[in-house]
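Chemist:
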Amino acid sequence: MIDIIHTGPFNTVQDLGRPGFRNIGVTTSGAMDPLALKIGNSMLGNETGAAAIEIQIYPFKLRFSKATAFVVTGADCGASLDGRTVQPWCALSVEAGQVLELGQPRVGTRAYICIAGGIDVAPVMGSRSTSLRGAFGGREGRHLITGDTLQTGEVSSPLDLPATGLSVVDPAYALADFYPAHEDGALVIRAIPAGEYGLFGTDAERFWSQAWKISTQSDRTGYRLTGEPIKPTTPVEMRSHGVVSGVVQVPPSGEPIIQMADANTAGGYPKIAGVIEADLWRLGQARIGSRLRFVRVTHAEAAGIERAVAGFIDDVGRTSRMVCRALQTMN
Amino acid sequence: MSASAAKIIQPVEAIVLDRNGARVSPIGSRAFLLEATGDFDLAAQRRIWALSRAVELWSETLEIVPGMTNLLVVLKVTPEDPEILALRLLEAWEQAETIDLAGRMIEISVTYGGEHATDLAALCDRSGLSDREVIRIHYEGTYRVFALGSAPGFGYLHGLDPRIYMPRKTVPSLNMERGCVTIGGMQTGVAVLTGPNGWNSIGFAKLQMFDPMSSTPAVMAPGDTVRFVPASIEL
Amino acid sequence: MTKPDLSDPAIIERLAAALEAAGVDGIEITRPDQSLLIRVAKSANGPVRQFSSGKPDAAARPAVVKSPMAGEFWPSDPSRSGASASSTAGDTVGFLRVGPILLPIAAGPSKRLRRHLVEPGTVVGFGDPIAEFEPEA
Numbered sequence: 001m002i003d004i005i006h007t008g009p010f011n012t013v014q015d016l017g018r019p020g021f022r023n024i025g026v027t028t029s030g031a032m033d034p035l036a037l038k039i040g041n042s043m044l045g046n047e048t049g050a051a052a053i054e055i056q057i058y059p060f061k062l063r064f065s066k067a068t069a070f071v072v073t074g075a076d077c078g079a080s081l082d083g084r085t086v087q088p089w090c091a092l093s094v095e096a097g098q099v100l101e102l103g104q105p106r107v108g109t110r111a112y113i114c115i116a117g118g119i120d121v122a123p124v125m126g127s128r129s130t131s132l133r134g135a136f137g138g139r140e141g142r143h144l145i146t147g148d149t150l151q152t153g154e155v156s157s158p159l160d161l162p163a164t165g166l167s168v169v170d171p172a173y174a175l176a177d178f179y180p181a182h183e184d185g186a187l188v189i190r191a192i193p194a195g196e197y198g199l200f201g202t203d204a205e206r207f208w209s210q211a212w213k214i215s216t217q218s219d220r221t222g223y224r225l226t227g228e229p230i231k232p233t234t235p236v237e238m239r240s241h242g243v244v245s246g247v248v249q250v251p252p253s254g255e256p257i258i259q260m261a262d263a264n265t266a267g268g269y270p271k272i273a274g275v276i277e278a279d280l281w282r283l284g285q286a287r288i289g290s291r292l293r294f295v296r297v298t299h300a301e302a303a304g305i306e307r308a309v310a311g312f313i314d315d316v317g318r319t320s321r322m323v324c325r326a327l328q329t330m331n
Numbered sequence: 001m002s003a004s005a006a007k008i009i010q011p012v013e014a015i016v017l018d019r020n021g022a023r024v025s026p027i028g029s030r031a032f033l034l035e036a037t038g039d040f041d042l043a044a045q046r047r048i049w050a051l052s053r054a055v056e057l058w059s060e061t062l063e064i065v066p067g068m069t070n071l072l073v074v075l076k077v078t079p080e081d082p083e084i085l086a087l088r089l090l091e092a093w094e095q096a097e098t099i100d101l102a103g104r105m106i107e108i109s110v111t112y113g114g115e116h117a118t119d120l121a122a123l124c125d126r127s128g129l130s131d132r133e134v135i136r137i138h139y140e141g142t143y144r145v146f147a148l149g150s151a152p153g154f155g156y157l158h159g160l161d162p163r164i165y166m167p168r169k170t171v172p173s174l175n176m177e178r179g180c181v182t183i184g185g186m187q188t189g190v191a192v193l194t195g196p197n198g199w200n201s202i203g204f205a206k207l208q209m210f211d212p213m214s215s216t217p218a219v220m221a222p223g224d225t226v227r228f229v230p231a232s233i234e235l
Numbered sequence: 001m002t003k004p005d006l007s008d009p010a011i012i013e014r015l016a017a018a019l020e021a022a023g024v025d026g027i028e029i030t031r032p033d034q035s036l037l038i039r040v041a042k043s044a045n046g047p048v049r050q051f052s053s054g055k056p057d058a059a060a061r062p063a064v065v066k067s068p069m070a071g072e073f074w075p076s077d078p079s080r081s082g083a084s085a086s087s088t089a090g091d092t093v094g095f096l097r098v099g100p101i102l103l104p105i106a107a108g109p110s111k112r113l114r115r116h117l118v119e120p121g122t123v124v125g126f127g128d129p130i131a132e133f134e135p136e137a
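Residue numbers (the UniProt record's numbering), protein chains in the order written: chain G, 1 to 331; chain A, 1 to 235; chain W, 1 to 137.
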């Protein structure tokens with residue numbers, strides 16, 4: 001069990017989301033950085049999709065009311081345990097009564113507090129993710145508030161973590177071959193042209209060539225980008241259709257919107273492109289006010305990146321278990 | 001019809017296949033949208049329902065989202081070759097017989113006019129009809145749920161009389177209440193969430209359209225027939 | 001049988017030769033009365049031997065931190081340059097990298113690092129000395 005001692009608004013319980021219900025209008029929700037969630041869970045012996053606390057407003061403070069293990073992944077937010085600094089992405093055992101505190105992030109925006117056994121709120125439609133818009137899932141369908149107590153589940157085969165903890169290399173470093181560095185200070189986001197791409201005529205080139213700024217009107221629902229507007233050559237009347245997170249729509253203003261985890265399930269604005277699945281986590285860590293540039297890729301390239309990421313996550317789960325077992329045997 | 005008959009638009013820029021009244025395009029790496037390019041009618045929607053049933057059974061399908069004469073297919077993993085998938089979708093479309101879903105009849109009791117009918121006057125202005133006529137035309141209609149989407153349990157209803165078509169507002173109402181009976185373009189529906197809404201409200205219904213704790217969370221399902229029953233008219 | 005005198009140069013020479021022949025990097029012997037540490041490093045001119053021996057002067061003898069398992073030793077997180085390496089320097093002496101996993105290695109009791117005994121990125125085995133810490137005051 002954990003007690004929330006201090007939290008700002010918009011910190012919620014999230015897992016990998018609620019797929020399968022878009023056909024009745026239910027958004028998937030889920031962690032904005034699914035990679036951080038999966039790795040955090042892998043390091044604790046949890047199922048990769050166990051629920052965690054997604055922090056996007058800092059500082060945040062909680063108390064463990066029973067002995068357990070935790071890891072903070074995602075944004076590097078100078079976490080400390082009873083005042084002692086915790087290495088980023090380092091899984092540690094804790095005693096009852098210890099206090100974990102997260103400060104302002106130095107890198108990234110969203111941190112995930114994963115706990116052995118996962119956060120055990122009642123699943124709704126197959127998921128523990130909070131749907132703020134639908135007001136269900138997570139903790140009573142709302143964001144966390146100071147004074148909340150959260151139950152944790154059981155791990156089927158817990159890891160015997162060493163006293164110094166267990167850390168993992170930064171995924172961006174481990175997967176450097178698959179994730180290009182920033183270009184002129186802009187985050188590189190890979191995308192595939194979508195259905196109405198051809199309608200943008202010569203403006204389409206500007207979609208790729210300029211660095212777009214993530215506006216302050218950006219949250220878990222979507223990111224509004226600002227830059228030199230792009231417009232279709234002819235107005236288009238679309239019939240409502242299903243959308244997925246990562247879709248880049250262009251409303252009449254000409255400034256694109258990228259739908260994110262809490263995206264609407266249907267849309268009708270022309271779509272110029274769609275961000276590839278394997279780049280959504282990077283977008284989830286992008287800061288308001290920062291810049292990004294879209295780079296065109298093929299499905300084959302996207303599939304290759306996706307395989308590399310899946311391989312890395314598997315490797316973390318397998319190796320962390322192996323290391324803990326080896327230390328038990330040898331020491 | 002052979003695969004070579006497919007007309008490839010913008011071969012370098014975007015993978016869009018368009019043939020035999022349907023068009024397939026990608027949304028990101030894992031999702032593909034098939035749009036029927038013909039009329040916006042029940043016949044097209046019946047084929048979409050048939051296509052949904054077929055595609056739902058594919059082993060690589062994670063989820064399907066039927067829309068208004070279109071179908072979004074979300075795959076479990078990114079395919080290496082999107083054209084193979086697009087052609088398969090088009091083939092399935094060609095083979096899709098029209099089916100009719102044995103839907104239920106849902107009657108929704110409505111308070112027309114009154115405080116929630118914020119856009120009734122504008123609708124009268126546009127249509128040249130009186131408020132009573134607008135309301136009568138709305139409740140005399142018989143509607144089909146074409147698809148659910150946008151918000152939990154929200155049904156897009158087809159069958160609106162063209163005399164009361166009303167485009168979505170360019171500036172949405174910021175806090176439209178759940179239960180508002182609305183018109184958006186050639187569609188009608190009942191708002192399921194309180195919040196920003198670009199549709200035009202002409203009345204109010206108390207029926208709760210969605211319960212996340214139920215085994216069937218949404219009251220409406222594609223294929224259902226909906227009738228609006230005037231409980232009261234406040235003008 | 002008398003114990004060999006670990007400060008005898010002849011004995012040290014014989015031990016060092018045996019280590020070289022066996023391809024072992026070093027040995028540490030600690031007895032109540034004496035201790036000896038021999039390290040064999042490779043150089044262009046052949047093996048270079050370093051040794052220290054002496055009476056067990058607890059106050060002066062460095063605390064050696066050894067590798068808890070096989071892995072690649074890094075004095076700081078190789079994947080997060082400057083992120084927050086220094087903040088826990090007192091508690092850990094570095095990481096052992098095993099594939100994607102970084103195992104933090106606890107510092108000696110004094111927490112005052114004298115020197116690392118291996119270069120960053122070196123592959124070490126179980127029990128290999130990694131760092132020397134100042135003795136506890």
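Note that the Cβ used here is the ideal one computed from N, Cα and C, for glycine as well.
Source: prediction; values computed, not measured.
Exposed or buried, G:Gly126, counting other C-beta atoms within 10 Å across all chains shown (16 or more means buried)?
Modeler: exposed
Chemist: Please classify A:Ser109 as buried or exposed, where buried requires at least 16 neighbouring CB atoms within 10 angstroms.
Modeler: exposed
Chemist: Which residue or residues does DSSP assign as beta-bridge partners of G:Ile271?
Modeler: First, the residue type needs correcting, since residue 271 of chain G is Lys and not Ile in the sequence shown. Note: G:Lys271 sits in a beta bridge opposite G:Gln249.
Chemist: Quick check on A:Pro222: does DSSP put it in helix, strand or coil?
Modeler: Coil at A:Pro222, not helix or strand.
Chemist: So which residues on chain A does G:Val169 lean against when the C-beta distance must stay under 9 Å?
Modeler: What G:Val169 touches in chain A: nothing, since even the nearest Cβ is about 25 Å away.
Chemist: Which partner residues does G:Val13 have in the DSSP bridge list?
Modeler: G:Ile53
Chemist: Can you tell me whether A:Thr182 is buried or exposed? The criterion is at least 16 other CB atoms within 10 Å of its CB, across all chains shown.
Modeler: buried
Chemist: Give the range of the beta strand (DSSP E) segment to which G:Cys114 is assigned.
Modeler: Val107 to Ile115
Chemist: When you compare only the Cα positions, how much space is there between G:Tyr197 and G:Thr68?
Modeler: 50 Å
Chemist: Could you give the first and the last residue of the continuous alpha helix (DSSP H) run that contains A:Gln95?
Modeler: Pro82 to Gln95
Chemist: Have a look at A:Ala221 and A:Gly179 and give me their C-alpha separation to the nearest angstrom.
Modeler: 17 Å
Chemist: Only counting the same chain, and skipping five residues up and downstream in sequence, which positions put a Cβ closer than 6 Å to that of G:Ala36?
Modeler: Thr73, Gly74 and Tyr112
Chemist: Going by other Cβ atoms of all chains shown within 10 Å of its Cβ, with 16 needed for buried, is W:Phe133 buried or exposed?
Modeler: So W:Phe133 ends up on the buried side.
Chemist: Tell me the DSSP secondary structure of A:Trp49 in three-state form.
Modeler: Helix, per DSSP.
Chemist: Between A:Thr142, A:Lys206, A:Met213 and A:Asp100, which lies nearest to A:Thr194 when the distance is taken from Cα to Cα?
Modeler: A:Lys206
Chemist: DSSP puts A:Pro230 in a beta bridge; with which residues?
Modeler: A:Val110
Chemist: According to a CB-to-CB cut-off of less than 7 Å, which residues of the region 19-48 of chain G neighbour chain A?
Modeler: Pro19, Gly20, Arg22, Asn23, Ile24, Gly25 and Val26
Chemist: Using the Cα positions of G:Gly30 and G:Leu62, report the straight-line distance between them to the nearest angstrom.
Modeler: 21 Å
Chemist: G:Thr48: beta carbon under 8 Å from a heavy atom of the ligand HEM?
Modeler: Inclusion of the ligand HEM in the displayed structure is not the case, the ligand content being empty and no account of it being possible.
Chemist: Whole angstroms is fine: what's the gap from G:Ile214's alpha carbon to G:Asn41's?
Modeler: 29 Å
Chemist: Is any beta-carbon of chain G found at less than 9 Å from that of W:Leu103?
Modeler: yes
Chemist: Interface residues of chain G around W:Thr122 at Cβ under 9 Å?
Modeler: None at all; the shortest Cβ gap to chain G is about 17 Å.
Chemist: If you measure from the beta carbon of G:Ser131 to each beta carbon in chain A, is any gap under 9 Å?
Modeler: Cβ-Cβ to chain A under 9 Å: yes for G:Ser131.
Chemist: Hey, could you find the ends of the beta strand (DSSP E) A:Met176 is sitting in?
Modeler: Ser173 to Met176
Chemist: So for G:Gly284, helix, strand or coil by DSSP?
Modeler: helix
Chemist: Excluding the five sequence neighbours on either side, which residues of its own chain have a C-beta within less than 6 Å of the C-beta of G:Asp315, listed in chain order?
Modeler: none
Chemist: As a quick exercise: from A:His158, A:Asn200 and A:Leu148, pick the residue whose alpha carbon is nearest that of A:Pro217.
Modeler: A:Leu148
Chemist: At the level of alpha carbons, what is the spacing between G:Gln210 and G:Asp76?
Modeler: 29 Å
Chemist: First and last residue of the alpha helix (DSSP H) that includes G:Asn41?
Modeler: Its alpha helix (DSSP H) spans residues Pro34 to Leu44.
Chemist: Looking only at DSSP bridge pairs, what is G:His241 linked to?
Modeler: G:Gly267, per the DSSP bridge assignment.
Chemist: List the residues of chain G that W:Gly99 touches, going by C-beta distances under 7 Å, in chain order.
Modeler: The contacting residues are Asp315 and Thr319.
Chemist: Between which two residues does the alpha helix (DSSP H) harbouring G:Thr319 extend?
Modeler: For G:Thr319, the enclosing alpha helix (DSSP H) begins and ends at His299 to Met330.
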